[in-house]
Amino acid sequence: MQRKILITGVTRGLGRALVDRFIEKDCIVWGCGRNADQIQTLAKLYPSPHLFGVLDVAREEDVQRWVTPLLEKHGPPDLLINNAALMNHLAPLWEVPASEFDALIDVNIKGVAHLIRHVVPAMIQRGSGIVINMSSGWGRSTSADVAPYCASKYAIEGLTKALADDLPEGLAAIPLNPGIIDTEMLRTCFQESAGHYPDAKHWSYGAADYILALGLTDSGLSRTIPQ
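Those letters in the sequence shown? Residues 8 to 234, by our numbering.
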């Protein structure tokens, strides 16, 4: 049976690369992102049964509007991967504008909660499903100038482990550190030295296999994709 995967943040970086790999592995992908042009490109490249929608996960009403008819028609996904995230501009915490901090928290934490709120009940009703929330090395350690991002990813670690405690038998929640990958986001932090790390496409081959192998025994455990 084809596995159904709902993944956020598919218009660039890790999310975009994973779409290709999951579909190559005969999965059905439902993806969302904020860039309408990229979503349109994905929809043309991968037509039905794959589905792609323009969506800002920070807006719960938009999440509900997209997810509800999707689940009613196709049922819940086997995997929910909360991948969408923002990075703050590098600066000490006191120099990060409140508006930037708020936007990051709205996507990185509240956006994850919005998807869980509107997808997990259907998983529970079916009796199976895995929630994978993308964490970070900066959800388990710290560096200067990335306090907002660290705060959000530490929150994801705690939120996901508590969610694992909440879930009934047959479901799992896993905080997943993807590792260090040369993406647009990483280049805002590491500049040219980001090129020392694998790009999203090369990373995605092993990452997709690792993600698809995660199961109930991983629930509540901090996992990291090997590099």
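C-beta atoms are modelled at their ideal positions from N, C-alpha and C, and glycine is treated no differently.
Among residues of its own chain, excluding the 5 on either side of residue i, which ones have a beta-carbon nearer than 6 angstroms to its beta-carbon?
i	result
L219	none
K160	S142, S143, W145, G146
S150	none
L100	A154
P56	I35
S229	P182
Using the Cβ count rule (16 or more neighbours within 10 Å means buried), how would you classify residue i?
i	result
W210	buried
K51	exposed
W37	buried
K11	buried
G134	exposed
G165	exposed
A105	exposed
P54	exposed
A162	buried
T290	The requested residue 290 is not part of the displayed model; the chain covers only 8 to 234.
A158	buried
S148	exposed
Among residues of its own chain, excluding the 5 on either side of residue i, which ones have a beta-carbon nearer than 7 angstroms to its beta-carbon?
i	result
I46	T18, G40, F59, G60, V61
L93	A110, L111, V114, N115
V74	H125, V126
G16	G22, G40, N90, A91, A92
D33	Q9
Ignore the nearest five residues each way along the sequence and tell me which others in residue i's own chain have a CB closer than 8 angstroms to its CB.
i	result
D113	A65
If residue i sits next to residue j, beta carbons under 8 angstroms apart, how far is it from one beta carbon to the other, in whole angstroms?
i	j	result
A154	L170	No, A154 and L170 are not in contact; Cβ-Cβ is about 24 angstroms, not under 8 angstroms.
I137	L77	Actually they are not in contact, since the Cβ atoms of I137 and L77 sit about 18 angstroms apart, beyond 8 angstroms.
L174	N140	That belief does not hold up - the Cβ atoms of L174 and N140 are roughly 13 angstroms apart, past 8 angstroms.
L122	N89	6 angstroms
P233	Y217	7 angstroms
A215	F29	6 angstroms
Is it a yes or a no for the stretch 116-129 touching the stretch 49-60, going by three-plus beta-carbon pairs under 8 angstroms? no
**Q.** Within the stretch 151-191, ranges of the alpha helix (DSSP H) (whole runs, at least 4 residues)
**A.** 154-173
task = Say whether the stretch 120-140 touches the stretch 75-95, bearing in mind that this needs 3 or more beta-carbon pairs closer than 8 angstroms, one atom from each stretch.
result = yes
Item to complete: Pick out the complete alpha helix (DSSP H) segments inside the stretch 80-166, 4 residues or longer, and give them in chain order.
Response: 105-112, 118-133
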